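Asker: In numbering that gives the first Met the number 0, the protein residues as written are 0 to 196.
Cβ atoms here follow ideal geometry from the backbone N, Cα and C, with glycine treated the same way.
Note that the structure is predicted; figures quoted are calculated from it, not measured.
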Amino acid sequence: MTTVAWDGKTLATDSQGTTEAGFKSRMTKLFVSADKKRAFAGTGSRAEIHELQDWLIRMNRDSDNRPTLTDDATHGIYVDEYGAYYVEGKRPVLIPVEDTVTGVGSGRNMAIAALRCGRTAEQAVLLAEEFDAWSSGPVQTWEAPESEVFGPIKVETKPAPDPDTGEHDPWCAEFDPTAGPIEYRDLQAIEDAGWVR
0 MTTVAWDGKT LATDSQGTTE AGFKSRMTKL FVSADKKRAF AGTGSRAEIH
50 ELQDWLIRMN RDSDNRPTLT DDATHGIYVD EYGAYYVEGK RPVLIPVEDT
100 VTGVGSGRNM AIAALRCGRT AEQAVLLAEE FDAWSSGPVQ TWEAPESEVF
150 GPIKVETKPA PDPDTGEHDP WCAEFDPTAG PIEYRDLQAI EDAGWVR
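The following block contains the structure:
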């Protein structure tokens with residue numbers, strides 16, 4: 000599949016395509032309108048990702064031209080001047096993203112965890128690529144233009160404090176996507192910090 004992440008300002012995705020026979024290839028998964036105000040990143044069938052981008056980007060969501068999909072795994076995230084949306088279903092519908100950060104695809108859980116730790120969408124996809132067999136680089140990104148919906152959003156890059164203790168998560172503080180392979184901390188240090196319950 001893939002990893003798509005949205006941090007409230009940037010939409011990011013990996014570039015790995017996987018054939019039905021299991022071979023890896025590179026593919027474009029992020030599509031941007033000519034005016035740079037709308038973008039879509041998809042996961043699932045390569046052909047159906049292109050059908051969705053054709054409908055969302057080229058035809059500007061024209062309801063008369065909404066595609067009919069056959070692959071349940073084809074979905075994605077679409078962003079325009081009105082907000083961010085999940086794109087889901089065999090007769091695709093747009094479902095508003097009601098959270099400040101989100102992700103879709105096989106690496107979404109790792110990406111969402113990184114986003115919750117204050118990382119950018121690009122950093123979240125890089126982290127997911129470390130662990131998800133169906134995601135690999137290079138990372139493709141698009142930054143939403145300022146609008147009434149998004150405004151001048153500033154993404155906090157330091158980890159959010161733990162709601163119980165107010166301390167920063169030691170796992171989050173360690174991640175640097177440019178540092179190469181992730182080094183794991185000593186479990187005893189994590190237990191001493193109270194992060195293993």
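In the DSSP output, which residue or residues are listed as bridge partners for W141?
Answerer: L10
Asker: Does any residue of chain B bring its CB to less than 7 Å from the CB of G41?
Answerer: Protein chain content of the structure displayed is limited to a single chain, and chain B is not contained in it.
Asker: Quick check: what's the CA-CA separation for Q187 versus G21?
Answerer: Any reading at Q187 must be qualified, since the residue scores a pLDDT of 49, below 50, and its modelled position is unreliable; no value is offered.
Asker: Of all the beta strand (DSSP E) runs that stay within the bounds of the stretch 87-121, which reach a length of 3 or more residues?
Answerer: 92-95 and 101-104
Asker: Of the residues I76, G117, T18 and A83, which one's Cα is nearest the Cα of A46?
Answerer: T18
Asker: Where does E215 land, buried or exposed, given buried means 16+ other C-beta within 10 angstroms?
Answerer: Any property of residue 215 remains undetermined from this structure, which presents the chain solely from 0 to 196.
Asker: In whole angstroms, give me the CA-to-CA distance for E202 and D71.
Answerer: Shown here, the chain extends from 0 to 196; a query on residue 202 therefore has no answer.
Asker: Mind the definition here: the stretch 89-98 touches the stretch 115-133 only if three or more C-beta pairs lie below 8 Å; say whether that holds.
Answerer: no
Asker: Taking C-alpha atoms, which residue in L51, D34 and E80 lies nearest to T42?
Answerer: L51
Asker: Let's see if you can read the secondary structure: which residues bound the beta strand (DSSP E) around A38?
Answerer: A38 to T42
Asker: Going by DSSP in three states, R25 sits in which element: helix, strand or coil?
Answerer: When DSSP states are grouped into helix, strand and coil, R25 belongs to the strand group.
Asker: Output the distance between the C-alpha atoms of S32 and G75, rounded to the nearest integer angstrom.
Answerer: 16 Å
Asker: Can you name the start and end residues of the beta strand (DSSP E) that I204 belongs to?
Answerer: In the structure displayed, the chain extends from 0 to 196; residue 204 sits before or after that span and is not available.
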